[in-house]
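All residue numbers for the sequence shown refer to my numbering, where the first residue is 123 and numbers rise by one.
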Amino acid sequence: MTRPVDSVLLLLLGLLLASLSAFFLGIIPYPYGLLVLAAFITARILHLLSNRN
C-alpha cells in the first residue's frame, strides 16, 4: 500500500532545505524563515495526522 505524497509538505521541506543550504554556503548571513518554516511544517504534520482517521 502506497501513501499519497503531500505536495505542501514537500514544498515546505524544500524551502527549509534551500534556506539552510544558502546559509551554510554563505549566500545569506542568517537562515531567514527558519522558525517560521519549522512551525509551518509542524502544523502541517499535525493537520495531516488529525485528518488521518
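For glycine and all other residues, C-beta sits at the position ideal for the given N, C-alpha and C.
Where residue i falls, given that 16 or more other Cβ within 10 Å makes a residue buried
{"i": "S84", "result": "Here the chain has residues from 123 to 175 only, and residue 84 is not among them."}
{"i": "L134", "result": "buried"}
CB of residue i within 8 Å of CB of residue j, strictly
{"i": "L159", "j": "L132", "result": "no"}
{"i": "V130", "j": "R166", "result": "yes"}
{"i": "P153", "j": "F145", "result": "yes"}
8 Å contact criterion, which residue i and residue j should meet: CB distance rounded
{"i": "D128", "j": "L168", "result": "Actually they do not touch by this definition, with Cβ atoms about 13 Å apart."}
Residue i - DSSP class collapsed to helix/strand/coil
{"i": "I163", "result": "helix"}
{"i": "G136", "result": "helix"}
{"i": "L171", "result": "helix"}
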